[in-house]
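Written below as structure tokens is the structure these notes are about.
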Amino acid sequence: MANEKILIIDDDPLVIRLAELIIKNINLQPLSALKGEDGIEVAIKERPALIILDLMMPEMNGWETLSQIRKTECIQDTPVIILTARVGATGDLIGTQNKPHYEAFLPKPFSMQEMRDKINEILNRAP
Ligand SMILES: [Mg+2]
């Protein structure tokens, strides 16, 4: 059976709650963490199929967290969707030079439909 766990790492509890709703709504199992360090621990333990990662977090930010994920053997190939308000006028993610690999990004604020579509796209699921 396919891995149905999706991990959301964001310091904003409201974003976590919304993402959990969306994830449950498409019959996947949400996991969450409010800090990068905690998120990495959960990922190592639970091996989610996908990680949704906020960039702007106190202590360990999203890029630092992603860099750790890519260096941690058991989770380094997990697809990651970056969540951020830092997008330019063209809708591109800002400041991605020399940053660790990520599969996609979702600008904040996002709609339920946008997050759902992005998750399905990365997991190659039918919408
Ligand atoms: Mg944040």
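Its first residue numbered 26, the sequence shown is counted upward by one per residue in the numbering used here.
For each residue, glycine too, the CB sits at the ideal point set by N, CA and C.
Note that this is a predicted model, so its numbers are computed, not measured.
(request) Starting from residue 142, trace the alpha helix (DSSP H) both ways and give me its first and last residue. (result) Unbroken alpha helix (DSSP H) run through residue 142: 137-147.
(request) May I ask you to check if the CB of residue 82 is nearer than 7 Å to at least one heavy atom of ligand 1? (result) For ligand 1, at least one heavy atom lies less than 7 Å from the Cβ of residue 82.
(message) Just checking residue 90 against ligand 3 - is the residue's beta carbon closer than 7 Å to any of the ligand's heavy atoms?
(response) Among the ligands in the structure shown, ligand 3 does not appear; only ligand 1 can be found there.
(request) Answer with buried or exposed for residue 64, where buried requires no fewer than 16 other C-beta atoms within 10 angstroms of its C-beta. (result) It is buried - the Cβ of residue 64 has at least 16 other Cβ atoms within 10 Å.
(message) Do residue 78 and residue 105 count as a contact pair if the criterion is CB distance below 8 Å?
(response) Yes.
(request) Could you tell me whether the stretch 46-53 touches the stretch 136-144, using the rule of 3 or more Cβ pairs below 8 Å? (result) Contact between the stretch 46-53 and the stretch 136-144 is present: three or more C-beta pairs spanning the two stretches fall below 8 Å.
(message) Applying the 10 Å Cβ sphere with the 16-neighbour rule, what's the burial state of residue 26?
(response) The pLDDT assigned to residue 26 is 47, lower than 50, so where the model puts this residue is not dependable, and the model offers no usable value.
(message) Along the chain, where does the alpha helix (DSSP H) containing residue 68 start, and where does it finish?
(response) Its alpha helix (DSSP H) spans residues 61-71.
(message) Could you pull the DSSP bridge partners for residue 93 from this structure?
(response) In the DSSP output, where bridge partners are listed per residue, residue 93 has none listed.
(request) Would you mind sorting residue 134 into buried or exposed? The rule is 16 or more other CB atoms within 10 Å of its CB. (result) Counting Cβ neighbours within 10 Å, residue 134 comes out exposed, since fewer than 16 surround it.
(message) Beta-carbon within less than 8 Å of residue 38's beta-carbon, same chain only, minus the 5 sequence neighbours each way: which residues are those?
(response) Here the set comprises 59.
(message) Less than 6 Å between C-beta atoms, sequence neighbours within five positions excluded: which residues of the same chain meet that for residue 57?
(response) Same-chain partners within the cutoff: 33 and 41.
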